[in-house]
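To start, the structure itself, in structure tokens.
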Amino acid sequence: MSPERLSLLIIGGYGTFGGRLARLLGEEPRIRLLIGGRSLKKADDFVADLRSSKGGAGRLGSNDLGAWLQAVAFDRNGDLQEQLRRLRPDLVVDASGPFQSFTDHAYKVVQACIELGIDYADLADSTGFVAGVSGLDAAAKAKGTFALSGLSSLPALSFAALQAMAPQFSRIENVAAGIAPSAHVKIGLNVVKAIASYAGKPVAVLRAGQPAEGRGLIDRMRVTIAPPGVAPLASRTFLLVDAPDLALLPRHLGGLQSTFTGVGTEPQALQRLLSLAARLVHLRLLPSLQPFSRLLQAASHRFALGAHRGGMFVRAGGRDRDGRRLTADWSLIAEGDDGPFIPVLGVEALVRRLLEGRRPQSGARPAAGELRLADFEAAFRRFSITSGIRLDYEDEAQPLYRRILGDAWQGLPPALAAIHGGGTRLASGRARIERGGGLLARLIAGIIGFPAAGEDLPVAVRFVAEGDREIWTRSFGAKTFRSWQAADKGGGQPLLAEVFGPFRVLLALVPEGQKLSLIVRGWRFCGIPLPLFLAPGGDTYEEERDGRFHFHVEIGGRLTGLVVRYTGWLVVE
């Protein structure tokens, strides 16, 4: 083994998050990776599986393809100093938990590491544990070690996102954050136990600038997670959770008026039942939900319904440097099984910094602000994870599509940006129109006023900005029909709403190279929400070709078949 290797012990190294961290670092040849836990057999099995997945074999403790892997027994209730002296790690990462359950001698692992001059980091999500680690700051500085607590989604990533948005503000007045895990991700028992520990119990928040008591898994806010440039998650309710941000934000931001951290799980019907159970605790009809943790975990696994996508958001509101009201929204979407890697990316970034000789300052403290958003974004690129920021100036009118797209607007091709540039403008060109032949399709086309079928028709579109909406008047030959568009912010949702007669269709704007796709995410008839699977849809997009704006609009549905399809090009006059 090379003496230059960083020796890293992961407590809970074969668990839900520790195992993912080990997989991320398993290919790094500069690391001696100790997979620790109470069960040596489970650690052995995990190491064997990890070697197999990497294509490696060989004697215990060696791996020519990456990290030096070793399974070790580690009991946090045993003689910690003896175990740490024997294993000789340079860095200990505690990925076990639930940290909410650590009461007596909660910091004994941290203290043992400090006393032996070993660096420490953890994935704690307990408000009290993360905030309280600062009590060991002087001892850590005296030993020249660091102890970073909460190097996870909340607060490490949430604070990194907040720091990225902070330069836009002169004063931040409210902050909300939330995590929306994919319904298909198997939630670990320790995570469920942590949530159950404060369900229905008081949670410290800020309201109107004053400390207040929220209600765990009862208080709520509705949000749609929608990074610029990708289809958003379905709008959902987030229930209040006890996260370290709630204690740390008032320390970092003067003048803060309100705080919220939440979780939004799918299916939402199951989350509503969980919230109802939390109310029974609040009413003291149940002492706690913790005895039901295994049942809650089993239910979440059994009823895994919904899209295999997860996400996260951080939203800040306040005043910009010119005194205007501003809302900044950072959001993230992870596809498939990539979401559960997000909580360990902060530790991975820390380890890679250490390998490059970049060491955090000595001391014990929460990990809020320890990493930059760029550290996480570099890791996101290795996964199907998309994130971005939107700025919404409430007192300043911006072009409709620019408000919805956020920073994805900068990537639009010039021809598309010109069409959607705002104000009153006129564009003209040529078009081809197809009409559906079904009775219902013809009836709907007649109600809305779609033109008849035709080839190489002259087309003109007049765009008129009227308050927060745009009126589009389309003329195909002698036939004219009109619709209007506006931003739909149901649950903070940056979707485009287009209204044709009695129909209101909600569309996600998704840039894809030179294209801007418009994907149906909901619809209403006379204000009544209708099932999404019956929504009018089709292959609808805009693109730049030969310097021109080209459109391809397809409207149809399961019940109607094709209603209308019109394609062609426009040039702004």
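In this note's numbering, each residue's number is its place in the sequence shown (first place is 1) plus 758. Every residue, glycine too, gets a C-beta built ideally from N, C-alpha and C.
Endpoints, alpha helix (DSSP H) assigned at residue i
i	result
E1106	I1100 to L1113
G777	T774 to L783
G890	T885 to G890
A1244	First-last for A1244: K1237 to D1246, but that is the beta strand (DSSP E), not the alpha helix (DSSP H).
R1030	Q1026 to H1040
A1126	It is not in any alpha helix (DSSP H) - A1126 carries neither H nor E in the DSSP assignment.
Q1055	S1051 to R1060
A896	D895 to K901
Residue i in three-state terms, based on DSSP
i	result
H1308	strand
N932	strand
E1093	strand
F1015	Just to set this straight, residue 1015 is Gln in the shown sequence, not Phe. Three-state DSSP puts Q1015 in coil, outside helix and strand.
Y865	coil
K1273	strand
S907	strand
R1116	coil
F832	coil
P1002	coil
A1189	strand
I872	helix
E1331	coil
F1208	coil
A922	helix
E1301	strand
V943	coil
S916	helix
P1171	coil
L997	strand
G1196	coil
D807	helix
F857	helix
Residue burial classification, residue i (beta-carbon count within 10 angstroms, cutoff 16)
i	result
N932	buried
G773	buried
C871	buried
P847	buried
K951	buried
S1291	Strictly speaking, residue 1291 in this sequence is Phe, with Ser absent from that position. Exposed.
S916	buried
G1181	exposed
S884	buried
S820	Confidence in S820 is poor, its pLDDT being 44 and thus under 50, which makes the residue's placement too unreliable to answer from.
L1131	buried
P1098	buried
T903	buried
A957	buried
G1081	exposed
S1145	buried
Y1324	buried
A1036	buried
P1045	exposed
S940	buried
Start and end residues, beta strand (DSSP E) containing residue i
i	result
I983	Here I983 belongs to no beta strand (DSSP E), and DSSP marks it neither H nor E.
G795	I789 to G795
D1214	G1212 to E1224
D1133	Unbroken run through D1133 is the alpha helix (DSSP H), L1131 to F1138; no beta strand (DSSP E).
L1254	L1253 to F1258
D880	D877 to D880
S1233	R1227 to F1234
Beta-carbon spacing of residue i, residue j below 8 Å
i	j	result
G1022	F1061	no
R1123	S892	yes
T1085	D1150	yes
F832	L767	yes
V1322	A1203	yes
K1237	A1210	yes
L1274	L1174	yes
In DSSP terms, what residue i is bridged to
i	result
P1182	In the sequence on display, residue 1182 carries Thr and not Pro. T1182 is not bridged to any residue.
P1287	R1282
D1087	R1073 and R1148
A1266	I1277
Q968	R965
L766	L791 and L849
P960	R973
I937	V1021 and M1070
Y1159	Answer is none; Y1159 lacks a bridge partner.
G1319	G1315
G1295	G1314
G1326	A1189 and F1309
Residue i beta carbon near the ligand FMN (any heavy atom closer than 7 Å)
i	result
P1098	As presented, the structure is devoid of all ligands, the ligand FMN included, so that no description of it is given.
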